[in-house]
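Peer 1: Count the sequence shown with numbering that gives the first Met the number 0 and you get residues 0 to 183, in order.
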Amino acid sequence: MNIKSALVPVIFLFSTINLANAASISLSPANVDAVVGDIIELDVIMDFSDVTTIGGGYDIAFSSADLDFMSWAPNPVGDPGFSRLPDVLDGLLSGIALGDFNSGITGVHNLGTVSFEVIGGSSVVYVQDTASVAGPFVDFNTFQVIPVEYSSAAVNVSSIPLPAAAWLFGSALAGLVVVKRKKA
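1) Is the stretch 77 to 92 in contact with the stretch 22 to 37, if contact means three or more CB pairs nearer than 8 Å?
2) At what residues does the beta strand (DSSP E) containing P184 begin and finish?
3) Just tell me which of G98, D86, V147 and G103 has its CA closest to the CA of S131.
4) Relative to the C-alpha of V35, which candidate in F142, T141, S122 and I145 has its C-alpha closest?
5) For F47 and T105, what's the separation of their Cα atoms in angstroms?
6) By Cβ distance below 8 Å, which residues in the same chain neighbour F100 in space, the five residues on each side in sequence not counted?
7) When the Cα atoms are used, what is the spatial distance from V144 to G103?
8) By Cβ distance, which residues of its chain are closer than 8 Å to S63, with the 5 residues on each side in sequence left out?
9) Less than 8 Å between C-beta atoms, sequence neighbours within five positions excluded: which residues of the same chain meet that for Y149?
10) Using DSSP with H/G/I as helix, E/B as strand and the rest coil, what is P85?
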């Protein structure tokens, strides 16, 4: 094996190391089972373990036909003077922000909890970059924009609650047994 053929995989490995430790904001739990009328809560989790940010903002997008926004309960992270509550729009919580110009923000934090009432079918709740005045997340040391990986949460809505579905199935099965016995 010559040096050139060994060099290609090594360069690839070193170029992808930072991708595994990217800054991320996700929703937890990633999957929620619900029925119409349920109130669901999703925690917004920030993982900036490998980078320090002076702050930035994000949006939470959802289908207003399926979910009715109930509340946003922020957890203080960083300097409270730089926190920004969202603008509540149709299907969008816009410009949620945090920041700390003195020491920056790093590590894993629960940024808050968003609550919805399920009013329709299954849907997805997204965390995404913001176009609001909050702006993108900026590196504390280099003042460069930090690429953030966002994760969504699926809301799986069943039309019949699980205990009711089991009862319905059991009733139908019992009815079939009775009909079968009458024929015999």
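We treat Cβ as the ideally placed atom computed from N, Cα and C, and that holds for glycine. Quick caveat: nothing in here was measured; it's all calculated off a predicted structure.
Peer 2: Result, derived from the coordinates:
1) no
2) Absent from the structure is residue 184, since the part of the chain shown begins at 0 and ends at 183.
3) D86
4) Nearest C-alpha to V35: S122.
5) 5 Å
6) I53, G54, D78 and F81
7) 14 Å
8) D89 and G90
9) Hits under 8 Å: S23, I24, S25, Y57, Y125, V126, Q127 and D128.
10) Correct three-state label for P85: coil.
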